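Throughout, the numbering used here is defined as the position within the sequence shown, counted from one, plus 8. Heads up, the beta-carbon is just placed ideally off N, CA and C, and yes, glycines get one too. As the structure is a computational prediction, the values presented were derived from the model and not from experiment. Accompanying notes for the structure given below.
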Amino acid sequence: MGFDTISEKRVMVQGLSTSYLEAGTGPVLVLIHGNLTAAQGWDRTIEEFRTTHKVLAPSLPGYGGTSPLRDVTLDGLVSFIAAFLDATSVDTAIVLGHSAGGLIAAQFALENPDRVSRLVLVDSVGLGRAINPVVIAGALLPGWATEIAIAALLLPGGGILRALMRGVQVRRPWRLTVQEWRTQTRIMQAQTLLSTSFQAVRLVVGPAGQRGRYNLVERLGELPMPTLLIWGLTDEVVPFWQGIRAARKIPRARFVPLVSAGHAGYLECHVDFVTALSPFIRDEPDTSGPQRTPTQR
């Protein structure tokens with residue numbers, strides 16, 4: 009663990025041995041990671057907010073040392089988050105989700121509005137159909153090809169391939185420290201995580217892009233809580249205009265673009281990400297309607 013102030017813990021959630029990170033005291037902030045990563049990818053964010061919040065970052069089933077589900081489904085993952093909060097004695101929390109984690113967070117908020125005080129969606133899946141063709145190609149790989157791809161990623165030297173896969177999400181990779189690259193590629197050095205990641209992509213993405221049944225756009229008006237959408241303007245995985253459109257449909261939403269960021273702005277533009285997030289979770293935000301606040305760093 010890169011930060012001594014962050015504790016690695018385990019808890020049983022729905023019969024699954026679940027790995028999670030915890031730090032700090034105060035209002036609870038729950039971080040839900042996306043695909044091809046795990047709780048450890050949130051190290052810098054946890055360290056940033058541990059002085060004002062109790063930060064919990066679970067590794068989803070099949071990721072980061074958490075036992076896998078038999079079948080990956082959105083309902084199953086949403087239920088897992090609810091059970092994780094129960095297992096850690098959390099009634100209400102600020103819930104933040106990145107990418108596929110954003111889809112889980114948004115669906116959880118729709119089903120459990122009383123448990124989400126504020127919602128943060130970062131470059132979220134589930135807000136439209138468009139997605140990078142590379143992701144579509146990965147979703148359409150036959151089983152045997154997926155097995156070959158996973159084997160190649162785990163071979164000696166596969167770290168280069170894993171870095172390239174993460175590179176699709178990072179517009180300016182030189183902004184990540186060497187330690188961050190090591191952490192991200194090490195997280196991906198697990199067959200269960202890679203297999204679960206391919207399952208998750210096939211679940212949400214089809215030949216025409218993100219599957220319609222996971223498009224939450226028409227339900228966003230049901231979200232009663234203050235909501236912040238943070239998006240990299242150069243996101244090459246999920247286009248930023250989906251975030252703008254989503255913010256217009258949420259009654260109490262704010263949209264903040266990260267001008268220099270790609271899909272993983274919390275990594276490559278960490279200072280800007282924190283600047284966007286801090287006032288929303290630390291103070292009462294102005295959520296009278298959709299707003300756009302550019303971040304220029």
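Would DSSP call Pro232 helix, strand or coil?
coil
Expected contact under 8 Å - CB spacing of Arg227 and Leu118 to nearest Å:
6 Å
Assuming Pro247 and Ala138 make a contact with CB atoms under 8 Å, what is their CB distance in whole Å?
5 Å
In three-state DSSP terms, what is Arg290?
helix
Can you tell me whether Val245 is helix, strand or coil according to DSSP?
coil
Do Ser75 and Thr100 come within 7 Å of each other at the CB atom, strictly closer than that value?
no
Length of the line joining the Cα atoms of Ala95 and Gly105:
19 Å
For His278, which residues from the same chain have a beta carbon less than 6 Å from its beta carbon, with the 5 sequence-adjacent residues on both sides left out?
Arg52
So the alpha helix (DSSP H) Ser203 belongs to, where does it begin and stop?
199-212
Go ahead and label Met233 buried or exposed: buried means 16 or more other beta carbons lie within 10 angstroms of its beta carbon, across all protein chains shown.
buried
Is the beta carbon of Leu231 closer than 7 Å to that of Ile252?
no
Is the separation between the beta-carbon of Ser27 and that of Gly73 shorter than 7 Å?
yes
If the criterion is Cβ atoms closer than 7 Å, does the pair Leu236 and Arg260 meet it?
no
Compute the Euclidean distance between the alpha carbons of Val128 and Ala159, then round it to the nearest angstrom.
35 Å
7 Å CB neighbourhood of Leu24 in its chain, flanking five on each side removed:
Pro69, Thr74, Ser75
Got a sec? Which residues, its chain only, sit under 6 Å from Pro35 by beta carbon, not counting five neighbours each side?
His61
Are Val212 and Glu56 touching if we call contact CB-CB under 7 Å?
no
Closer than 8 Å by C-beta to Ser15: which residues in its own chain qualify, once you throw out the five before and the five after it? Chain order, please.
Leu29, Glu30, Ala31
Specify, as a first and last residue, the run of the beta strand (DSSP E) that Tyr28 falls within.
24-31
Cα separation between Ser203 and Ile156?
11 Å
If I follow the unbroken beta strand (DSSP E) through Ile102, where does it start and stop?
101-106
With H, G and I counted as helix, E and B as strand and the rest as coil, what does DSSP make of Val142?
helix
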